[in-house]
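Participant:
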Amino acid sequence: MTTFSELGLSPELLKSINNMGFEEATPIQRDTIPTALKGTDLIGQAQTGTGKTAAFGIPLIEKIDVKARKIQGIVLAPTRELAVQVGEELNKIGQFKGIKTLPIYGGQSIVRQIKALKNGPHIIVGTPGRVIDHINRKTLKLEDVHTVVLDEADEMLNMGFIEDIETILENVPSERHTMLFSATMPKQIQKLAERFMKDVLVIRVKASEMTVKSIEQEYVEVKEKQKFDALTRLLDIQSPELAIVFGRTKRRVDELSEALNKRGYSAEGIHGDLPQSKRDMVLRAFKNNTIEVLVATDVAARGLDISGVSHVYNFDIPQDPESYVHRIGRTGRAGKTGYAVTFITPREIDHLYTIEKITKRKMVKRSVPSMNEAMEGQQRMAVEKLLSVLEDGDVGSYKQTAVEMLEEHDSVSLVSAALKLLTKEPDTTPIELTFEPPLAVKKGRRDNRYGDRKRPQRGGSDSRDKRRTGGRSDKQRHQGGGGNRDMSYRASKRTREDKKAR
Ligand SMILES: Nc1ncnc2c1ncn2[C@@H]1O[C@H](COP(=O)(O)OP(=O)(O)OP(=O)(O)O)[C@@H](O)[C@H]1O
Ligand SMILES: [Mg+2]
1 MTTFSELGLS PELLKSINNM GFEEATPIQR DTIPTALKGT DLIGQAQTGT
51 GKTAAFGIPL IEKIDVKARK IQGIVLAPTR ELAVQVGEEL NKIGQFKGIK
101 TLPIYGGQSI VRQIKALKNG PHIIVGTPGR VIDHINRKTL KLEDVHTVVL
151 DEADEMLNMG FIEDIETILE NVPSERHTML FSATMPKQIQ KLAERFMKDV
201 LVIRVKASEM TVKSIEQEYV EVKEKQKFDA LTRLLDIQSP ELAIVFGRTK
251 RRVDELSEAL NKRGYSAEGI HGDLPQSKRD MVLRAFKNNT IEVLVATDVA
301 ARGLDISGVS HVYNFDIPQD PESYVHRIGR TGRAGKTGYA VTFITPREID
351 HLYTIEKITK RKMVKRSVPS MNEAMEGQQR MAVEKLLSVL EDGDVGSYKQ
401 TAVEMLEEHD SVSLVSAALK LLTKEPDTTP IELTFEPPLA VKKGRRDNRY
451 GDRKRPQRGG SDSRDKRRTG GRSDKQRHQG GGGNRDMSYR ASKRTREDKK
501 AR
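Below, the structure is given as structure tokens:
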């Protein structure tokens, strides 16, 4: 066990860390903080939910001169929601030192951001598109930046984001300290990353598996047409506290959230085509438990730390093993347990094997849940509800009526009736989802994970996405407000494929 005071931190930081409730450093924090404090360039890899944000946040904040009201550190993140979350965590870590961190991301008023930038933040956390917009407008100067962090580094350095990262780094002094973090770091990306760094140290928290042990992992082989029934039955059986359902495309997410609502679940979707105000609203509602199911594209797969997410459902199998690792990593965080299940159609079994091979972990096969099991699940829920009321003990005013009822009916029949009333019978409202072709099997796929990954053409909204957003020139991309593009990859076929998907 390593305490934070053993890591040589200042009293101000120790105070904030204590305030955040962190008692001991996680392995990645223990291993990276002292090295990072010395200014060594590093790549930090550790499983999802193991505290990588503080692993870079603590040394970054230690190195900031609070009196100099200049931007001294920049953190880049692939999605807006993650930029906001990391910004919040850095503000907590820096609170007693007086360090101000500002998130800047697309979809938020640029005028407001320009104003906020004038207030002299010490650190900015941004999505690449919006950071470049500010650089071009000369509203963001990075000449005093001494520390750069790429969170979700493999994602940031894949073919889609790399141009933007290069542009941003050109604006930062070359004598900088660079840190890269992610739960996944494929070899090709690591090689690429080393180009941006000096004498890089790779700090990898050794684990026999790529995913945390505390996440139970299952899969269900199911025909495309039966997936939705399987999903709602599982929800009925498992009654998750909070669940995330991942779909492959934006259309899929829209259709799934609508369908779930039709069957009586409170669900909302999140993807890259929604206005930022809606995305914020949905995420807030999910965090406050006003909705129980978040349906998402891979836009929510990386980095998001939402406590209470107990279940992850991969309604569509993810495109690659890395995406799988990050998606299921939304549960089982900070030592908690979690559950993840992946649906595969019969032709997708090879993708499952690929995931298992890379993660070094087998998923347990689960049968397609039956209607009876769903019914039993709902009954169990009713029993739990009844028992929790009993435990609360606040039933005094009902007792007289209960006694009277028991004079006329036997107790078993009465309790059965109460349970029937409390049980939400599985809803079988017919649902039609647009057919989604199975994930294509590609020859040499493993060697080409970040290259050309064409998938079968689909109709509908996704191809419209492609026409609307694909193939914009750099000039176009780097001008103006930014729209939704922060979360898209660009400049490659993967770009367009992922843009479609998210
Ligand atoms: N030392 C610690 N003790 C207790 N909790 C911690 C500690 N460090 C971080 N946490 C908490 O653990 C949770 C996960 O941390 P974080 O989001 O940084 O994980 P991560 O490794 O970046 O995961 P991902 O790969 O999904 O991005 C957060 O809620 C964070 O506040
Ligand atoms: Mg993280």
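Quick note: the sequence shown uses the UniProt record's numbering, first residue 1, plus one each step.
Even for Gly, the Cβ is constructed at its ideal location relative to N, Cα and C.
Whether or not the region 219-235 and the region 190-203 are in contact is what I'm after, with contact meaning three or more pairs of Cβ atoms, one per stretch, closer than 8 Å; do they touch?
Facilitator: no
Participant: In the structure shown, what three-state DSSP assignment does residue 71 receive?
Facilitator: coil
Participant: Where do the ends of the alpha helix (DSSP H) carrying residue 324 lie?
Facilitator: 321-328
Participant: I want to check one thing, is the minimum distance from the CB of residue 151 to the heavy atoms of ligand 1 below 8 Å?
Facilitator: yes
Participant: Scan the region 329-355 and note each continuous beta strand (DSSP E) run of 3 residues or more that stays entirely inside, going in chain order.
Facilitator: 338-344
Participant: Determine the closest residue to residue 203 out of 182, 211 and 209, with distance taken between C-alpha atoms.
Facilitator: 182
Participant: In chain order, what residues of the same chain have a beta carbon less than 7 Å from the beta carbon of residue 192, not counting five sequence neighbours either side?
Facilitator: 157
Participant: Checking 9 Å against the spacing of the C-beta atoms, do residue 430 and residue 230 come in under that value?
Facilitator: In this structure, residue 230 does not lie closer than 9 Å to residue 430 by Cβ.
Participant: Leaving out five residues on either side along the sequence, give the residues of the same chain with a beta carbon under 6 Å from the beta carbon of residue 94.
Facilitator: Taking residue 94 as the centre and dropping the five residues before and after it, the same chain places the C-beta of 61 closer than 6 Å to its C-beta, in chain order.
Participant: Within the same chain, show all residues whose beta-carbon is closer than 7 Å to that of residue 276, passing over the 5 residues directly before and after it, in chain order.
Facilitator: 80, 107 and 108
Participant: Are the beta-carbon atoms of residue 28 and residue 205 separated by less than 9 Å?
Facilitator: yes
Participant: Determine the direct distance from the alpha carbon of residue 26 to that of residue 42, and round the result to whole angstroms.
Facilitator: Using only the alpha carbons, I get a separation of about 17 Å.
Participant: Hey, would you say the C-beta of residue 332 is under 8 Å away from at least one heavy atom of ligand 2?
Facilitator: no
Participant: Is there contact between the region 121-134 and the region 152-169, where contact requires at least three CB pairs shorter than 8 Å?
Facilitator: yes
Participant: With a threshold of 16 other CB atoms inside 10 Å of the CB of residue 274, please say whether the residue is buried or exposed.
Facilitator: buried
Participant: Reducing DSSP to helix, strand and coil, say where residue 59 ends up.
Facilitator: helix
Participant: For ligand 2, is there a heavy atom less than 8 Å away from the beta-carbon of residue 303?
Facilitator: Yes, the beta carbon of residue 303 sits closer than 8 Å to at least one heavy atom of ligand 2.
Participant: Would the region 34-48 count as touching the region 70-90 if we require 3 or more Cβ pairs under 8 Å?
Facilitator: Here the region 34-48 does not lie against the region 70-90, with fewer than 3 beta-carbon pairs under 8 Å apart.
Participant: Is residue 79 near ligand 2, in the sense that its beta carbon is under 8 Å from a heavy atom of that ligand?
Facilitator: no
Participant: If you follow the alpha helix (DSSP H) that residue 103 is in, where does it begin and where does it stop?
Facilitator: Careful: residue 103 lies outside any alpha helix (DSSP H), inside the beta strand (DSSP E) at 101-104.
Participant: So, do the region 233-250 and the region 208-217 have three or more beta carbon pairs nearer to each other than 8 Å?
Facilitator: no
Participant: Just how far apart, CA to CA, sit residue 270 and residue 309?
Facilitator: 16 Å
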